[in-house]
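Novice:
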Amino acid sequence: MAELSFINTWYWFLLGAVISYFIGCFNFAVLISHIKKSDIRNIGSGNPGTMNMTRTFGLKVGLINFFCDAFKGMIPVFAGYLIFKGFYFEGTEIIVSDFARFFFGLFAVIGHVFPVTMKFKGGKGIATTLGLFWAALSCEEWWLILVAFVFLLGIVAYIALTEWGSMGSLIGVSGLSVWQGLFIFFRYQSSLQSVYVIIIFMLILSLNLLTWLAHNKNLIKLLAGEEHRTSILGKIKNKLKKS
């Protein structure tokens, strides 16, 4: 591996952050709802995201929206990993791609939550963040993409049984971030005081804080028993009846 000086290459990270942000700004929920001659921002909870799309247009459309939004989180992660995986930060043993994938991924989520194309009123970032961690874990070991998929199925099962979409989503994000954080911790046990390692942990924490803060109203409604329920099992039963 070759050494890379952040001071001499900072502009590449800035360029990647800007590109990642604008990738995040593209909102599939709005696009799909417009195809269906409506605007998801004026329906249900008004949130242009997977849960509201599922409640409004059904499970199939909700899944399509989820994977499209998740893909937005995957692109910057894989780009950061592939571009920088052959480099260490100068004077350290820190792999540049361990920093780049979360740095770029965070800006994709910021773009989804605060898109300049929608007057900074976007979705809540769950699908994009889940896609980000899904891709990040597969960068550790390729087979982890399958294990992470099983984990996501477990979250879907939790939401289906409890009908609490927001809480299930947040549990999923937190669970995957802890899982990823453990990989970073054990990889750099001897370098935990490195500024780069500290920043990596801060990026992972920031992803959690961003998604939890974006759901602050949902959490208040959840505690008050007023949160919108997402009946996945009900939608499956209705689909089977129609068929």
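Counting in our numbering, the sequence shown runs from 198 upward without gaps.
Cβ coordinates follow ideal geometry from the N, Cα and C atoms, glycine included.
Tell me whether L329, by its Cβ, gets closer than 6 Å to a heavy atom of the ligand COA.
Specialist: Questions concerning the ligand COA fall outside what the structure shown contains, since it holds no ligand whatsoever.
Novice: Does the segment 355-363 come close enough to the segment 308-315 to have 3 or more Cβ pairs within less than 8 Å?
Specialist: No: fewer than three Cβ pairs fall under 8 Å.
Novice: Going by C-alpha to C-alpha distance, which of A305, L343 and E338 sits closest to T325?
Specialist: On the sequence shown, residue 325 is found 128 positions in, with the first residue counted as 1. Among A305, L343 and E338, the Cα nearest to that of T325 belongs to A305.
Novice: Pick from M248, K321 and T251: whose alpha carbon is nearest that of I307?
Specialist: As a first step, residue 307 is located in the sequence shown; it is residue number 110 there, counting from the start. Answer by Cα proximity: K321.
Novice: Going by the beta-carbon positions, is the gap between L341 and L350 smaller than 7 Å?
Specialist: Within the sequence shown, residue 341 is the residue found at index 144, counting from 1. Within the sequence shown, residue 350 is the residue found at index 153, counting from 1. Taking 7 Å as the Cβ cut-off, L341 and L350 do not qualify as a contacting pair.
Novice: Can you tell me which of the three DSSP states L389 falls into?
Specialist: Numbered from 1 along the sequence shown, position 192 holds the residue referred to as residue 389. Three-state result, L389: coil.
Novice: With DSSP collapsed to three states, give me the class of E360.
Specialist: Looking up residue 360 in the sequence shown gives position 163. Coil.
Novice: Where does E200 sit, in a helix, a strand or coil, going by DSSP?
Specialist: Walking along the sequence shown from the start, residue 200 turns up at place 3. Residue state, collapsed to three classes: strand.
Novice: Just the C-alpha distance for A345 and L373, rounded to the nearest angstrom, thanks.
Specialist: Against the sequence shown, residue 345 aligns to sequence position 148. Against the sequence shown, residue 373 aligns to sequence position 176. Answer to the nearest angstrom: the Cα atoms are 8 Å apart.
Novice: Report, in whole angstroms, the separation of the C-beta atoms of E424 and S363, which I expect to be a contact under 8 Å.
Specialist: Taking the sequence shown and counting its residues from 1, one reaches residue 424 at position 227. Taking the sequence shown and counting its residues from 1, one reaches residue 363 at position 166. Confirmed, Cβ separation roughly 6 Å.
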